[in-house]
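Enquirer:
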Amino acid sequence: MAVRTQFENSNEIGVFSKLTNAYCLVATGGRNMAAFEKELSDHIPVVNTSIAGCRIIGRLTVGNRKGLLLPNTATDQEMLHIRNSLPDSVVVQRVEERLSALGNCVVANDYVALIHPDLDRETEEIIADTLGVEVFRQTVAGQVLVGSYCSLSNQGGLVHPLTPVQEQDELSSLLQVPLVAGTVNRGSGVIGAGLVVNDWAAFVGLDTTATEISVIENIFKLSGAQPQTIVTEMRNSLIDTL
Amino acid sequence: MMNAQEYFANQEPAALMVLCCICGTAIPANPSNMCVNCIRSQVDITEGIPKQLTVQWCRGCNRYLQPPAHWVPAELESRELLTLCIKRIKGLNKVKLVDAGFVWTEPHSRRIKVKLTVQNEVFNGTILQQIFIVEFVVQTQMCDKCTRREAKDTWSAVAQVRQKVDHKRTFFYLEQLILKHNAHSQAVGVKSRPDGLDFFFANKSHCLKFIEFLQNVVALRTKSSEQLISQDDNNNTYNYKFTFSVEIVPLCRDDVLCLPMKTGAALGNIGPVVVVYKVSNLIHVIDPFTLNVQELSSHRYYNDPFRALASAKQLIRYTILDVIPVGPTRGKFILADVQLARDSDFGMNDTIFTTRTHLGNIFQPGDNALGYDLSTANFNEADLAALKGRGLPDVLLLRKVYPERKRKERKRHWRLRKLTVEEDDGPVRRMDVEREAHDYETFLEEIEEDKDMRSKINLYREPDAEQIMQRNKEEKAAQSMLDEGADDGDDDDEGDVGLEELLDDVDINQDEYDEDD
Numbered sequence: 001m002a003v004r005t006q007f008e009n010s011n012e013i014g015v016f017s018k019l020t021n022a023y024c025l026v027a028t029g030g031r032n033m034a035a036f037e038k039e040l041s042d043h044i045p046v047v048n049t050s051i052a053g054c055r056i057i058g059r060l061t062v063g064n065r066k067g068l069l070l071p072n073t074a075t076d077q078e079m080l081h082i083r084n085s086l087p088d089s090v091v092v093q094r095v096e097e098r099l100s101a102l103g104n105c106v107v108a109n110d111y112v113a114l115i116h117p118d119l120d121r122e123t124e125e126i127i128a129d130t131l132g133v134e135v136f137r138q139t140v141a142g143q144v145l146v147g148s149y150c151s152l153s154n155q156g157g158l159v160h161p162l163t164p165v166q167e168q169d170e171l172s173s174l175l176q177v178p179l180v181a182g183t184v185n186r187g188s189g190v191i192g193a194g195l196v197v198n199d200w201a202a203f204v205g206l207d208t209t210a211t212e213i214s215v216i217e218n219i220f221k222l223s224g225a226q227p228q229t230i231v232t233e234m235r236n237s238l239i240d241t242l
Numbered sequence: 243m244m245n246a247q248e249y250f251a252n253q254e255p256a257a258l259m260v261l262c263c264i265c266g267t268a269i270p271a272n273p274s275n276m277c278v279n280c281i282r283s284q285v286d287i288t289e290g291i292p293k294q295l296t297v298q299w300c301r302g303c304n305r306y307l308q309p310p311a312h313w314v315p316a317e318l319e320s321r322e323l324l325t326l327c328i329k330r331i332k333g334l335n336k337v338k339l340v341d342a343g344f345v346w347t348e349p350h351s352r353r354i355k356v357k358l359t360v361q362n363e364v365f366n367g368t369i370l371q372q373i374f375i376v377e378f379v380v381q382t383q384m385c386d387k388c389t390r391r392e393a394k395d396t397w398s399a400v401a402q403v404r405q406k407v408d409h410k411r412t413f414f415y416l417e418q419l420i421l422k423h424n425a426h427s428q429a430v431g432v433k434s435r436p437d438g439l440d441f442f443f444a445n446k447s448h449c450l451k452f453i454e455f456l457q458n459v460v461a462l463r464t465k466s467s468e469q470l471i472s473q474d475d476n477n478n479t480y481n482y483k484f485t486f487s488v489e490i491v492p493l494c495r496d497d498v499l500c501l502p503m504k505t506g507a508a509l510g511n512i513g514p515v516v517v518v519y520k521v522s523n524l525i526h527v528i529d530p531f532t533l534n535v536q537e538l539s540s541h542r543y544y545n546d547p548f549r550a551l552a553s554a555k556q557l558i559r560y561t562i563l564d565v566i567p568v569g570p571t572r573g574k575f576i577l578a579d580v581q582l583a584r585d586s587d588f589g590m591n592d593t594i595f596t597t598r599t600h601l602g603n604i605f606q607p608g609d610n611a612l613g614y615d616l617s618t619a620n621f622n623e624a625d626l627a628a629l630k631g632r633g634l635p636d637v638l639l640l641r642k643v644y645p646e647r648k649r650k651e652r653k654r655h656w657r658l659r660k661l662t663v664e665e666d667d668g669p670v671r672r673m674d675v676e677r678e679a680h681d682y683e684t685f686l687e688e689i690e691e692d693k694d695m696r697s698k699i700n701l702y703r704e705p706d707a708e709q710i711m712q713r714n715k716e717e718k719a720a721q722s723m724l725d726e727g728a729d730d731g732d733d734d735d736e737g738d739v740g741l742e743e744l745l746d747d748v749d750i751n752q753d754e755y756d757e758d759d
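These protein sequence lines are chains Y and R, in that order.
Going by my numbering, the first sequence opens with residue 1, and the numbers climb by one from there.
Going by my numbering, the second sequence opens with residue 243, and the numbers climb by one from there.
#1: Residues of chain R with CB closer than 9 Å to the CB of valine 146(Y), please, in chain order.
#2: Quick one: list the residues of chain Y neighbouring glycine 266(R), beta-carbon separation under 7 Å, in chain order.
#3: Rounded to the nearest angstrom, what separates histidine 655(R) and methionine 711(R) at their Cα positions?
#4: Which residues, in order along the stretch 160-177 of chain Y, keep a beta-carbon less than 7 Å from a beta-carbon of chain R?
#5: Can you name the residues of chain Y whose CB is closer than 8 Å to the CB of serine 274(R)?
#6: Going along the stretch 289-312 of chain R in order, which residues come within less than 8 Å of chain Y, judged by CB to CB distance?
#7: What residues in its chain sit with their C-beta under 6 Å from that of alanine 728(R), if we drop five residues either side in the sequence?
#8: Is any beta-carbon of chain Y found at less than 9 Å from that of valine 260(R)?
#9: Who are alanine 113(Y)'s beta bridge partners in DSSP?
#10: Going by DSSP in three states, asparagine 11(Y) sits in which element: helix, strand or coil?
#11: Does the beta-carbon distance from threonine 61(Y) to leucine 68(Y) come in below 9 Å?
#12: Identify the contact partners of alanine 271(R) in chain Y, using a Cβ-Cβ distance below 9 Å as the criterion.
#13: Would a check of beta-carbon distances place phenylalanine 365(R) closer than 9 Å to chain Y?
#14: When the distance is taken between beta carbons, is glycine 189(Y) closer than 9 Å to histidine 160(Y)?
#15: Leaving out five residues before and five after phenylalanine 595(R) in sequence, what residues of the same chain have Cβ atoms less than 6 Å from its Cβ?
#16: Cβ atoms of threonine 359(R) and valine 340(R): under 9 Å apart, would you say?
#17: Could you pull the DSSP bridge partners for glutamine 473(R) from this structure?
#18: Using a Cβ cut-off of 8 Å, pull out every chain R residue sitting near valine 215(Y), in sequence order please.
#19: Pick from Lys504(R), Gly302(R), Val459(R): whose alpha carbon is nearest that of alanine 628(R)?
#20: Thinking C-beta only, is valine 498(R) closer than 9 Å to valine 517(R)?
#21: For chain R, find out if any of its Cβ atoms is closer than 9 Å to the Cβ of threonine 208(Y); answer yes or no.
#22: From which residue to which residue does the alpha helix (DSSP H) around glycine 147(Y) run?
#23: Let's test the definition: count the other Cβ atoms within 10 Å of the Cβ of arginine 572(R) and tell me whether it reaches 16, buried, or not, exposed.
#24: Taking Cβ positions, are valine 146(Y) and leucine 114(Y) nearer each other than 9 Å?
#25: Taking 9 Å as the CB-CB limit, is threonine 5(Y) close to chain R?
#26: Less than 9 Å separating the beta-carbons of glutamine 381(R) and threonine 479(R)?
#27: What first and last residue would you give for the alpha helix (DSSP H) that runs through isoleucine 699(R)?
#28: Just tell me which of Asn534(R), Phe548(R), Glu317(R) has its CA closest to the CA of valine 407(R).
#29: Using 10 angstroms around the beta-carbon of valine 568(R), count the other beta-carbons present and answer buried if the total reaches 16, otherwise exposed.
#30: What number of angstroms, rounded off, separates the C-alpha of lysine 786(R) from the C-alpha of asparagine 362(R)?
#31: Touching or not, the stretch 592-610 of chain R and the stretch 474-489 of chain R, by the rule of three or more beta carbon pairs under 8 Å?
#32: Rounding to the nearest angstrom, what Cα-Cα distance links leucine 634(R) and glutamate 417(R) in this structure?
#33: Would you kindly report the start and end of the unbroken alpha helix (DSSP H) that includes asparagine 84(Y)?
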C-alpha cells in the first residue's frame, strides 16, 4: 500500500530516500526514519546514511535487490557504513562518472534499467554487472533525466504525464512491465522525486491526492492481498476525495 | 505491433490523457495536471480585484470624475466611460485584460456593470481565463465649475486696471494684446468700470500671472490688498479675497510732456519739453529739438508723477509750406526746420509759424500735418516749472495726415476680436457711448497706419476680404482722380493692410468648459 509521508516538511520523498526489495536507504535528520521503519523494518534493513555529506541520497544513488551504485563523491566512511549495514548479497560499488547524480540518470528494477543517453560505456557495463540488469539508453517524454521522470518496480512503472502514448508503448515493451502516465504530489510531473516504490510498498508526499494514490496502487499492484485491508484502504481514499 | 497500429488508428492522436489529480477525470496533460473545474475551484484569479466600486457623476454637465480633479464628459455605454471605469479598478495590473464591455443596466438605476475577461497564470505555467462582472455605483457630485456657477460667487482675486485719461485708446490696444496672448484665459469674468476694467480670477496665482503679463506690455504700478472672508482656527487656514489695484501710467502716444527737473536730469538731461512717440512697458520720449531719445520707466515716473501738457484731443491741422533738413539724424528721425500755417488760418490771414521738428523724413512741402498749437494754450505754472522761465515753442508737429476721406461707406476688409466684457451697472450716458465709438474709430485708423503696432496684435479677415479690397482700390483710384493727384505719392505710405497680414477668423464656440479646473 502507498503511505503518505514527509521528509522534514518536504513532499519530495524520492530525493531523500532509496527503496528496493532488499533494503532501504534514508537520509539522516529528525524523525524521518519513523515512517519507513514502521512499514519496512520487519522485512528489510532500513539504513540511515548520507552521501558526500549530502542528504539527497535518493538522487545520487541507484540500486536494486542485487546491488547498489554510489557516486564518486561518496566518502570511504560512508561506503563502509553502507556495506556493513546491508546484507551480503548486495554488492556496493562506487562509480567514476561525470554525471554523478546516478539517481537522476538511471532508473532500474531487478531485471532491466534505463539510463541517460550520455552515460559512459564503462558506467553502463558496471551497471549491467553490479545490478545484473539489461541496460537501455532511452529518454522519457523527451527528457534525458530518466531517473527523475520515471519510477520503476518489478510490477509496473509510472512516467511523466506528458509522455506520448507511442513512447509509453515503446518503453513498456522494452521494460516488459505495464506503464502509465500520471502525477504525484498534487499534479507534479517529477515522478522520481516524489515517489519511492518496491514490490510491496510505496511512499509518496503528503500532498498526493487520492486519485494519484489510486493510480499508483493500480500500476504498481500495491493493494493489500486481504479483502479487509482493501476495504479499509479504499474507505480512507474515499474519505480523502470528499 | 500491428495491433498497436490499428489501436492508434482508431484513437485520436492527441491522447496524452492523465487523470486529474483531484477529481480523477481524464484530461489532457497540462502543467498543473488538474482539470479546469478543479483549478477554478482552487484558485480565483480575480481575487484582488474589487467587484463593487463607486464613480462620481455631475448632474449639471453630465461629466464623470477621474480622480483627483479631472472631469470627463461621457455618455452611458460610451468608450470614454469604459476607459474611465477600467482605470478606476485597482488590481487589474496583476492580470492580463483580454476583453471588456458593458452589461446593459437601466439608465436611471445609477448602476453601471462592466464585464471583464482576464487571464492569469496559476500554479506553474497554466493560464486560466475568467469572466467576471464589476458593478459601479454612480454617485452624484457637483463638479467645481457647476458649484461656482451656482454660487455666483466665483472670484477670489481681482485685478482692477485703471488709467486716468479721458480716452480709451490704451484699453483698446490692451484688449487686443490680451486677446492675442490669451492672457485672460483663466479669468472668470471681466467687468467694465469708469476709467478701466476689472478682471476677476479664481486663484491668486492666476491673477498675479495676468498682472505680470500686463507689466510686460504697459507701464504700470500695482498695489495689493486683501480681505479676510473666513478662517478656520483649528487648522489655522485663512480664506481671503485679494484685490490688486493696477494703475497704468497716464501718458500716451502723441502726448507732449514737460518733464520735472529731477526726472529730466536723470534721463540724460533731456530738455523738459518732450513728445511721447512710443509706449510699451516704458514710455519712449523724444526731444523734438535735439533728437534726444530716452525711456521713462513707470518706477521713475511714479517717483515724481506729472500729467501731460497736451494730448491727442488737442491736435489741430497744419499745412507744411517748407521743409529744410538741418542735419542730425537718429534712426528714422531727421531734424528739420519747417515753415507751416494752420489750416484754420488759410485764407484768413498770413500767420506763418517756424519750428523745428524731429519728423523731417516724413514731411514734404504741401503736406497736411497734425500738431499742437502751444502759442494759444494756457498751462499751470507748476507744470512748467522745469522750463525755468524759458518759453514754450509755438508749434509741435506730431503726425502727418491725409485729406479726410469719406470713411463711412468704406468697409474694412479686416476686423478685430473683442473681449466679452460685462457692462457696468449704472446710468449709461449717451455722450460716453458716442465718445467711445469715436475713440474706437480712431484706434482702428491708427492700426491701419502703424505697421509696428499691427505686428503686435492679431487681425482677422472678413469673409469677403478680396471683394472689399477691390472695391476700395477702385474708390481710391476714383477719388484720386477727383483730387487731381494730391495723393500721388502717398498711397504706398498709407500702409493698407495687406491680405497676408490677416488671420482666418475661425468662429470657435468659446465653451465654458475649455480648460481644466
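For every residue, glycine included, the Cβ atom is placed at its ideal position computed from N, Cα and C.
Expert: Here's the rundown:
#1: As a first step, residue 146(Y) must be located in the first sequence, where it is residue number 146. By Cβ distance, chain R contributes nothing, its closest Cβ being about 18 Å from valine 146(Y), past 9 Å.
#2: By one-based count along the second sequence, residue 266(R) stands at place 24. Per Cβ cutoff of 7 Å: Thr211.
#3: The residue you call residue 655(R) lines up with position 413 of the second sequence. The residue you call residue 711(R) lines up with position 469 of the second sequence. Straight through space, the alpha carbons of methionine 711(R) and histidine 655(R) are spaced by roughly 6 Å.
#4: Within the stretch 160-177 of chain Y, the residues whose Cβ lies closer than 7 Å to some Cβ of chain R are Pro161, Leu162, Pro164, Val165, Asp169, listed in chain order.
#5: Position 32 of the second sequence, counting from 1, holds the residue named residue 274(R). Chain order gives the chain Y residues near serine 274(R) as Gly187, where near means a beta carbon separation below 8 Å.
#6: Within the stretch 289-312 of chain R, no residue has a Cβ that lies closer than 8 Å to any Cβ of chain Y.
#7: As a first step, residue 728(R) must be located in the second sequence, where it is residue number 486. Residue confidence for alanine 728(R) is low, a pLDDT of 45 falling below 50, so the modelled location carries little weight; the figure read from the coordinates is stated next. Residues of the same chain with their beta carbon placed closer than 6 Å to that of alanine 728(R) are lacking, with the five preceding and five following residues left out of the count.
#8: As a first step, residue 260(R) is located in the second sequence; it is residue number 18 there, counting from the start. Chain Y places a beta carbon closer than 9 Å to that of valine 260(R), counting this residue as a contact.
#9: Position 113 of the first sequence, counted from the start, is the residue given in the question as residue 113(Y). Paired residue(s): Ala108(Y), Val135(Y).
#10: Here residue 11(Y) refers to the residue found at position 11 when the first sequence is read from its first residue. When DSSP states are grouped into helix, strand and coil, asparagine 11(Y) belongs to the coil group.
#11: In the first sequence, counting from the first residue as 1, residue 61(Y) sits at position 61. In the first sequence, counting from the first residue as 1, residue 68(Y) sits at position 68. The Cβ atoms of threonine 61(Y) and leucine 68(Y) sit closer than 9 Å to each other.
#12: If you number the second sequence from 1, residue 271(R) lands on position 29. The answer, in chain order, is His160, Pro161, Leu162, Thr163, Ala181, Thr183, Gly189.
#13: Residue 365(R) sits at position 123 when you count from the first residue of the second sequence. Chain Y contact via Cβ: present.
#14: Stepping through the first sequence from its first residue, residue 160(Y) is reached at position 160. Stepping through the first sequence from its first residue, residue 189(Y) is reached at position 189. In this structure, glycine 189(Y) lies closer than 9 Å to histidine 160(Y) by Cβ.
#15: Here the question's residue 595(R) lines up with position 353 in the second sequence. Excluding residues within five positions, the ones whose Cβ falls inside 6 Å are Leu582, Asp636, Val637.
#16: Looking up residue 340(R) in the second sequence gives position 98. Looking up residue 359(R) in the second sequence gives position 117. The answer is yes: Cβ separation under 9 Å.
#17: Here residue 473(R) refers to the residue found at position 231 when the second sequence is read from its first residue. Answer is Tyr480(R).
#18: What you label residue 215(Y) is simply residue 215 of the first sequence in a count that begins at 1. Near valine 215(Y) (Cβ distances below 8 Å), the residues of chain R are Leu261.
#19: Translated into the one-based positions of the second sequence, residue 628(R) becomes position 386. When only C-alpha atoms are compared, the closest one is Lys504(R).
#20: Position 275 of the second sequence, counted from the first residue, corresponds to residue 517(R). Position 256 of the second sequence, counted from the first residue, corresponds to residue 498(R). Cβ distance < 9 Å, so valine 517(R) and valine 498(R) count as in contact.
#21: Residue 208(Y) sits at position 208 when you count from the first residue of the first sequence. So, interface residue.
#22: Translated into positions along the first sequence, residue 147(Y) becomes position 147. That run of the alpha helix (DSSP H) goes 146-149.
#23: In the second sequence, the residue the question calls residue 572(R) occupies position 330. It counts as exposed.
#24: By one-based count along the first sequence, residue 146(Y) stands at place 146. By one-based count along the first sequence, residue 114(Y) stands at place 114. In this structure, leucine 114(Y) lies closer than 9 Å to valine 146(Y) by Cβ.
#25: As a working mapping, residue 5(Y) is identified with position 5 in the first sequence. Not an interface residue.
#26: Locating residue 381(R) in the second sequence gives position 139, where the first residue counts as 1. Locating residue 479(R) in the second sequence gives position 237, where the first residue counts as 1. In this structure, glutamine 381(R) lies away from threonine 479(R), with their beta-carbon atoms at least 9 Å apart.
#27: Indexing the second sequence from 1 puts residue 699(R) at position 457. Per DSSP, isoleucine 699(R) lies in no alpha helix (DSSP H) and is assigned neither H nor E.
#28: On the second sequence, position 165 is the one that residue 407(R) refers to. When only C-alpha atoms are compared, the closest one is Phe548(R).
#29: To locate residue 568(R), count along the second sequence from 1; it is residue 326. Counting every other CB atom within 10 Å of its CB across the protein chains shown gives valine 568(R) a total below 16, marking it as exposed.
#30: Because chain R here runs from 243 to 759, residue 786(R) falls outside it and cannot be looked at.
#31: Touching, no.
#32: Against the second sequence, residue 634(R) aligns to sequence position 392. Against the second sequence, residue 417(R) aligns to sequence position 175. Our two residues, leucine 634(R) and glutamate 417(R), have alpha carbons roughly 36 Å apart in a direct line.
#33: Start at 1 with the first residue of the first sequence, and residue 84(Y) comes out as number 84. The continuous alpha helix (DSSP H) containing asparagine 84(Y) extends over residues 76-85.
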